[in-house]
Amino acid sequence: METQKRLIDSIKKVCICRGVTAGTIMEAIRSGCSTFEALRRAIGVGTGNCKARRCRHNIEKRLKDHKESLKTETPVG
Ligand code: FES
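Below, the structure written as structure tokens:
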């Protein structure tokens with residue numbers, strides 16, 4: 217299931233103006249980008265013609281979901 221989700225993310229464009237896929241965004245989030253502005257600087261999301269009107273909501277939801285998933289992870293040990 218996780219593999220299937222990653223495969224879909226690798227081709228699904230979230231920032232349509234810049235052609236940035238969900239996979240690229242999630243990779244940047246996992247690498248430490250924790251805000252929309254950090255993602256904008258790192259991979260250029262939100263810098264297209266629509267000025268993030270189409271993609272910002274989706275990207276911020278992904279950031280929020282990632283932060284939530286970190287909180288619910290079971291500590292090792
Ligand atoms: S869809 Fe991301 S800047 Fe337009």
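All you need for the working numbering is the position in the sequence shown, starting with 1, plus 216.
Every residue, glycine too, gets a C-beta built ideally from N, C-alpha and C.
Next item on the list: Please go through the same chain and pick out, in chain order, the residues whose beta-carbon is closer than 7 Å to the beta-carbon of S226, but skip the five residues on each side of it.
Entry: Sequence index remark: in the sequence shown, residue 226 carries index 10 (1-based). Hits under 7 Å: T237, G239.
Notebook entry, point to check: Are the CB atoms of C271 and I224 nearer to each other than 8 Å?
Noted result: Along the sequence shown, read from residue 1 onward, the residue named residue 271 stands at position 55. Along the sequence shown, read from residue 1 onward, the residue named residue 224 stands at position 8. No, they are not a contact pair.
Check: DSSP puts V236 in a beta bridge; with which residues?
Finding: Within the sequence shown, numbered from 1, the residue matching residue 236 stands at position 20. Answer is C231, bridged to V236.
Next item on the list: Note down, in chain order, each residue of its chain lying with its Cβ closer than 7 Å to the Cβ of R256, except the 5 sequence neighbours on either side.
Entry: On the sequence shown, position 40 is the one that residue 256 refers to. So the qualifying residues of the chain are G262, T263.
Notebook entry, point to check: Does any heavy atom of the ligand FES sit closer than 7 Å to the C-beta of C266?
Noted result: The count along the sequence shown starts at 1 and reaches residue 266 at position 50. Answer for C266: yes, Cβ within range of the ligand FES.
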